[in-house]
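Okay, structure first, notes after.
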Amino acid sequence: MRRRNVAVLGYDGVRLMDVTAPLEVFGTAERLGGAYTLTLCSPTGAPVTTSAGTRLVVDAAATEIDGAHTLVVPGSVDFPHRAPSAELLEAVTALAATSGRIASVCTGAFLLARAGLLDGRRAVTHWRHTAVLARRYPSVSVEPDAIFVRDGSVYTSAGVTAGIDLALALVEADEGADLAREVARDLVVFLRRPGGQSQFSVPSRARAGADDPLRPVLDAVAADPAADHSLPALARLSGFSPRHLTRLFHERVGSTPAVYVEAVRIEAAQSLLAAGATVTAAATHSGLGSDESLRRAFLRRLGITPSTYRARFRTTA
Numbered sequence: 005m006r007r008r009n010v011a012v013l014g015y016d017g018v019r020l021m022d023v024t025a026p027l028e029v030f031g032t033a034e035r036l037g038g039a040y041t042l043t044l045c046s047p048t049g050a051p052v053t054t055s056a057g058t059r060l061v062v063d064a065a066a067t068e069i070d071g072a073h074t075l076v077v078p079g080s081v082d083f084p085h086r087a088p089s090a091e092l093l094e095a096v097t098a099l100a101a102t103s104g105r106i107a108s109v110c111t112g113a114f115l116l117a118r119a120g121l122l123d124g125r126r127a128v129t130h131w132r133h134t135a136v137l138a139r140r141y142p143s144v145s146v147e148p149d150a151i152f153v154r155d156g157s158v159y160t161s162a163g164v165t166a167g168i169d170l171a172l173a174l175v176e177a178d179e180g181a182d183l184a185r186e187v188a189r190d191l192v193v194f195l196r197r198p199g200g201q202s203q204f205s206v207p208s209r210a211r212a213g214a215d216d217p218l219r220p221v222l223d224a225v226a227a228d229p230a231a232d233h234s235l236p237a238l239a240r241l242s243g244f245s246p247r248h249l250t251r252l253f254h255e256r257v258g259s260t261p262a263v264y265v266e267a268v269r270i271e272a273a274q275s276l277l278a279a280g281a282t283v284t285a286a287a288t289h290s291g292l293g294s295d296e297s298l299r300r301a302f303l304r305r306l307g308i309t310p311s312t313y314r315a316r317f318r319t320t321a
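Below you can see the structure in the form of structure tokens.
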């Protein structure tokens, strides 16, 4: 079996979890049968000190990596405020030139943008810095609400934990949904995580693989929870009759389409509230409609009101 080399680029000031989260996902996938080889590199091959103060010993210099299957570029708290060093930029450019696909975690998107790798592409970064990325690099189409974005062979992800979602999606693309699901179960990543970059864990729990007939429907709901996702609308999108679509949902998701859509909308509202949105804005943009509808849904599903959730988990000042 041909192994896929995943190269993760470390450098002084890199966020520790941006490095370790993808490594843990790919490493777990390898342990469970995936064909991966992991390499942690740095621009010169010297150890690096992360933003947490942890020192990481790397496997190789960037110049020693040739033809990686996947290049992972983690982020730094510095990138939204100042440009990366010429040495780091040169390392990214050289690695990207020989890599099959490129993925950034969190503010690593700034490094890709600086290297010209996001020109004319869609991308995302940490919610706190999406406006800065869009303003600084107008040739990049920033999608601020996405957990991760794929544009061709280039992937970008949102906040730190979104790197887990991205890595799982890459494992699924390589090895299939079954292995990706086993990795997720092993890492216990589907517990609800509060914060401004909370993942949409309902879509990630669905059992539809990349080639599953339900996948376009699930992707459409996750991409825009506030759109018309009534049963007739979803049936038209899928090309199935409402009855057959409902049967597929029961078989693959374990619920009706309506219950699934509501669950996605509630998690979207959670993310919006944690990022500082008002209750009204969260109700509108999640697709739950009114404050009262949002309140009823939260009490039924989470046992607390939206206002209480926002006060408890809000991450902005």
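Numbering of the sequence shown is given in my numbering, commencing with residue 5 and proceeding in unit increments. Glycine included, each C-beta is placed from N, C-alpha and C at the ideal position.
Minimum Cα-Cα distance from I69 among the listed residues S294, L235, T43 and C110 corresponds to T43. Runs of alpha helix (DSSP H) with 4 or more residues, each lying fully within the region 149-195, are found at 166-179 and 181-191, listed in chain order. With fewer than 16 other CB atoms across the displayed protein chains lying within 10 angstroms of its CB, S234 is exposed. Between the region 104-111 and the region 17-29, the count of Cβ pairs shorter than 8 Å is three or higher; the stretches touch. Three or more pairs of CB atoms, one per stretch, sit closer than 8 Å, so the region 40-60 contacts the region 9-16.
In this structure S143 touches D123 by the C-beta definition: roughly 5 Å separates them, less than 8 Å.
Using a C-beta cut-off of 8 Å, the region 116-131 makes contact with the region 149-163, since at least three inter-stretch Cβ pairs fall below that distance.
In the three-state reduction of the DSSP assignment, S311 falls in the helix class, which pools H, G and I. Going by C-alpha positions, L277 is about 21 Å away from V136. Per the DSSP secondary-structure output, A107 pairs in a beta bridge with V76 and Y159. Per DSSP, the beta bridge partners of L13 are C45. The distance from the Cβ of L99 to that of A72 is about 7 Å, consistent with a contact at the 8 Å cut-off. The beta strand (DSSP E) runs lying completely inside the region 87-147 and spanning 3 residues or more are 105-108, given in chain order.
For the beta strand (DSSP E) assignment, the region 225-289 encloses no uninterrupted run of at least 3 residues. When DSSP states are grouped into helix, strand and coil, A64 belongs to the strand group.
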